[in-house]
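Following this note's numbering, the residues of the sequence shown are numbered contiguously, the last one being 736. Beta carbons: idealized from backbone N, C-alpha and C, even for Gly. On a predicted model such as this, the values are computed, not experimentally measured, just so you know. What follows is a set of notes on a single structure, which appears directly below.
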Amino acid sequence: MALAISMEGIDARARELGVDLSAVDLDSITLPAGEDFGILSDDEEVLRSEDPPELEMGLSNIIVVDNLPVVPPEKFEKLENVIRKIYSQIGVIKENGLWMPVNSETKKTYGYCFIEYNTPQEAELAREKTNGYKLDKSHIFAVNLLDDFEKYMKVPDTWTPAEIKPYTAGENLLKWLTDEKARDQFVIRAGTLTEVYWNDARKLAPELVFQKQYWTDSFIQWSPLGTYLATVHRQGSQVWGGENGFERLMRFAHPMVKLIDFSPGERYLVTYSSHEPSNPRDTHRVVLNIFDVRTGKVMRDFKGSADDYTTGGNIGVSGVSWPIFRWGGGKDDKYFARLGKNIISVYETNTFSLLDKKSLKVENVVDFSWSPTDPIISLFVPEMGGGNQPARVSLVQIPGKEELRQKNLFSVSDCKMYWQNSGEYLAVQVDRYTKTKKSTYTGFELFRIKERDIPIEVLELENKNDKIIAFAWEPKGHRFAIIHGDGPRPDVSFYTMRTANNTNRVSKLTTLKAKQANALYWSPAGRFIVLAGLKGFNGQLEFYNVDELETMATGEHFMATDIMWDPTGRYLATAVTSVHEMENGFQIWSFNGKHLYKVSKDHFYQFIWRPRPPSLLSPEKEEEISRNLKKYSKKYEQEDQDAFNQLSEQDRKRRTQLQEEWDSWVAKWKQMHEEERAFRMELRDGEASDEEEEYEAKEVEVEEVVDVRQEVLAFDLDQE
17 MALAISMEGI DARARELGVD LSAVDLDSIT LPAGEDFGIL SDDEEVLRSE DPPELEMGLS
77 NIIVVDNLPV VPPEKFEKLE NVIRKIYSQI GVIKENGLWM PVNSETKKTY GYCFIEYNTP
137 QEAELAREKT NGYKLDKSHI FAVNLLDDFE KYMKVPDTWT PAEIKPYTAG ENLLKWLTDE
197 KARDQFVIRA GTLTEVYWND ARKLAPELVF QKQYWTDSFI QWSPLGTYLA TVHRQGSQVW
257 GGENGFERLM RFAHPMVKLI DFSPGERYLV TYSSHEPSNP RDTHRVVLNI FDVRTGKVMR
317 DFKGSADDYT TGGNIGVSGV SWPIFRWGGG KDDKYFARLG KNIISVYETN TFSLLDKKSL
377 KVENVVDFSW SPTDPIISLF VPEMGGGNQP ARVSLVQIPG KEELRQKNLF SVSDCKMYWQ
437 NSGEYLAVQV DRYTKTKKST YTGFELFRIK ERDIPIEVLE LENKNDKIIA FAWEPKGHRF
497 AIIHGDGPRP DVSFYTMRTA NNTNRVSKLT TLKAKQANAL YWSPAGRFIV LAGLKGFNGQ
557 LEFYNVDELE TMATGEHFMA TDIMWDPTGR YLATAVTSVH EMENGFQIWS FNGKHLYKVS
617 KDHFYQFIWR PRPPSLLSPE KEEEISRNLK KYSKKYEQED QDAFNQLSEQ DRKRRTQLQE
677 EWDSWVAKWK QMHEEERAFR MELRDGEASD EEEEYEAKEV EVEEVVDVRQ EVLAFDLDQE
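What follows is the structure, encoded as structure tokens:
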């Protein structure tokens, strides 16, 4: 059976074996019939099943257009030209690919036609675009794929109730959360291997949980709550999980899938693919499917040209912004939205249709984002009319589409929106032009979302001409950090939204001068932050305690490309991925900057901590545990001591073993030396000279005589 392996995996294996693929003629390689080298495909069990999948009919590139006018022969050519004009705009119609059957008795058309495209994708797009197309009041097109007729013809005339299968208990997908050592998991991808580990900081080493070769064709991704691990393949995506390892839980068929995205509550999975058009002048065709994660059912699909999906977001594959759909309103997965031209289309998951059957119209809108906890959208509209109409940031409540707050902004160059993860604050970073329009300066508009009337404060830096390098809110807190400055060593400032008297005014806590930092990484639990210097700073790390306003430790991971906190905020991972050819691997640090262990991996692609679901404890219970932490920590301190003692004992045993191996080696050579004594005496004419005291040391002085004649001659010459 042939196994589909990604080129990335083949290249990685070839580099390991020292093979130059460019010098290999792949077309000349043939395998024996039935040979698979013992590597089972993920889909092999499907092919071995009792009911093999039916073969495609091969007619998926043909559409049937019904409800056409019934015309006599003299109008036949005119109707054909009209139909060809409509459908040739969508794709390339094959030669002789348009056929309108004619009634042999009346010599008139039957009122339908067949159109054959080059690809099934073009046929599907034509069906989607023209089904319901109104040619005139009496003729509204009904368009179907020719394959659909075969499918519907197989539907039985009599209804039979579905077979009710007996209930079988599912696996405990959260078993990993009950680890007695309260460890966290992470997944890595290196070469052709994907591996899941426990982070066992007590043993200063990771513990392997699961390993699989060629597990994914491109990348891996955890679901937001850590329940599933998703892999991406040529045929679609799959999710894995289980009680005692990683079993395949569901497949999501989507050929040539390139990107995936989970909803925050893990109920839905969005898959994306793009396909090259037949006409080079056309843009890529985009296909998006939204699946129910548990059932694998397609809840809604979206298809169109890439131009329809390039507005806003981070530019991804084929110029399409990603994620195209942005989920909002907390973990309920009730709404998702996408940005369009002058609109924001909000959908509800009850029906997977537009909310109130229409999009939110916002003239010239360029960006939006959801509150992480509430169904509130923040949106940004730039200046219009040459500055006569100011830019604005608005907050809109969903589902009522009511505007909660609006702030007009003048002389705006750019705008970025940052939500705090609890949804309490929104920071809007506004870059404004100076009066001369030759330069810009930056300020912040700070929205207090949970307070009455949503008050707004304006924050400007002491030197408002400073370039803003990074901004980050403290999770579960009221502070934020900013890296700013124009020099090679920028400053880092910390602010709080609450003052000592609990008055709601923003105030500065401190500024750290001249730091080797260009990125901010808050602990998920707040309080601690890592000031990181990536790229040009070569992986500088500073672990900072914001409560005490002091540096706990500094470190370095040379050429680090990625920095990730574990979901509890206890450990930090730094990694060097394959963007660099050398030093690939990862390192684990404690929250206060102590280096714990290092793992080197060639061709290292990904490191991802497994997320945890939110705590089931109430804020009051968490506060009580914090107050009584010493009482609870005694148990774990003892466990830490036992683990330390175990490590010490292991280290002692290792040293003892090394000493015993050395002593054994020395004894072996002493015995050999003794066995060869007679042979040595024979070589020395019977002299026993092994012992040091039998040797007599003599000092011999050797004088070197120079050429006296030459020196004398030289002397005589000098005398003359």
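query: Measure the C-alpha to C-alpha separation of Ala185 and Glu558 and round it to an integer number of angstroms.; result: 49 Å
query: Assuming the contact rule is C-beta atoms closer than 8 Å, Trp386 and Gln436 should be a hit. Round their C-beta distance to whole Å, please.; result: In fact, because the Cβ distance is near 13 Å, the residues do not count as touching under 8 Å.
query: State the Cα-Cα distance for the pair Phe602 and Val592, rounded to the nearest angstrom.; result: 6 Å
query: Would you call the segment 343-350 and the segment 387-395 in contact, with 3 or more CB pairs under 8 Å?; result: yes
query: Could you check which residue in Asn424, Val203, Glu196 and Glu187 has the C-alpha nearest to that of Asp582?; result: Val203
query: Do you know how far the Cα of Thr367 is from the Cα of Glu599?; result: 50 Å
query: Ignoring anything shorter than 3 residues, give me the beta strand (DSSP E) runs that lie fully in the segment 425-470, in order along the chain.; result: 428-435, 441-449 and 456-464
query: Check the C-beta distance from Met580 over to Ala589 and give it rounded, since I have them as a contact under 8 Å.; result: 5 Å
query: Which same chain residues, not among the five before or five after Lys124, have their C-beta less than 6 Å away from its C-beta?; result: Val86 and Pro88
query: Apply the 10 Å Cβ neighbour rule to Met513 and answer buried if 16 or more other Cβ atoms are within range, or exposed otherwise.; result: buried
query: Taking all protein chains shown into account, do 16 or more other C-beta atoms lie within 10 angstroms of the C-beta of Phe426, making it buried, or fewer, making it exposed?; result: exposed
query: As a quick exercise: from Glu440, Pro415, Gln413 and Lys480, pick the residue whose alpha carbon is nearest that of Val446.; result: Lys480
query: Which stretch, first to last residue, makes up the alpha helix (DSSP H) that contains Val98?; result: Pro89 to Ser104
query: Distance check for Asp658 and Ser664, CA to CA, integer angstroms please.; result: 10 Å
query: Please work out which residues of its chain come closer than 8 Å, Cβ to Cβ, to Arg408, disregarding the five sequence neighbours upstream and downstream, and give them in chain order.; result: Phe396, Val397, Gln422, Lys423, Asn424 and Leu425
query: Within 10 angstroms of its Cβ, does Trp115 collect 16 or more other Cβ (buried), or is it exposed?; result: exposed
query: Is it true that the CB of Ile470 sits closer than 9 Å to the CB of Phe463?; result: yes
query: Just to check my reading of the structure: Leu612 and Ala217 have Cβ atoms closer than 8 Å, yes? What is that Cβ distance to the nearest angstrom?; result: 5 Å
query: Which class does His500 belong to by DSSP, given the choice of helix, strand or coil?; result: strand
query: State the Cα-Cα distance for the pair Glu677 and Ala221, rounded to the nearest angstrom.; result: 25 Å
query: Assuming Leu75 and Asp163 form a contact by the criterion Cβ under 8 Å, report the distance between their Cβ atoms to the nearest whole angstrom.; result: 5 Å
query: Below 8 Å on the Cβ atoms is my guess for Val248 versus Val212; work out the distance and round it to an integer in Å.; result: With a Cβ gap of about 17 Å, Val248 and Val212 do not count as contacting.
query: From the DSSP output, read off the bridge partner residues of Ile359.; result: Gly356 and Lys377
query: So, helix, strand or coil for Arg626, using DSSP?; result: coil
query: Ile393 lies in the beta strand (DSSP E); which residues open and close that run?; result: Ile392 to Val397
query: Could you name the residues of the same chain whose beta carbon sits closer than 8 Å to that of Thr358, not counting the 5 residues immediately before and after it, in chain order?; result: The identity of residue 358 in the sequence shown is Asn, whereas the question assumes Thr. For Asn358, where only same-chain residues beyond five positions count, the Cβ hits under 8 Å are Lys377, Val378, Glu379, Asn380 and Val381.
query: Can you grab the Cα-Cα spacing for the pair Ser429 / Asn404, in whole Å?; result: 15 Å
query: Out of curiosity, what's the CA-to-CA distance linking Arg495 and Lys417?; result: 30 Å
query: For Lys432 versus Phe487, is the C-beta distance shorter than 9 Å?; result: yes
query: Please report the straight-line C-alpha distance between Glu703 and His689, rounded to a whole angstrom.; result: 16 Å
query: Which residue wins for smallest C-alpha separation from Lys614, given the options Phe620, Ser290 and Trp605?; result: Trp605
query: Give me the DSSP bridge partner(s) of Lys228.; result: Thr210
query: Within 10 Å of its beta-carbon, does Lys350 have 16 or more other beta-carbons around it, so buried, or fewer, so exposed?; result: buried
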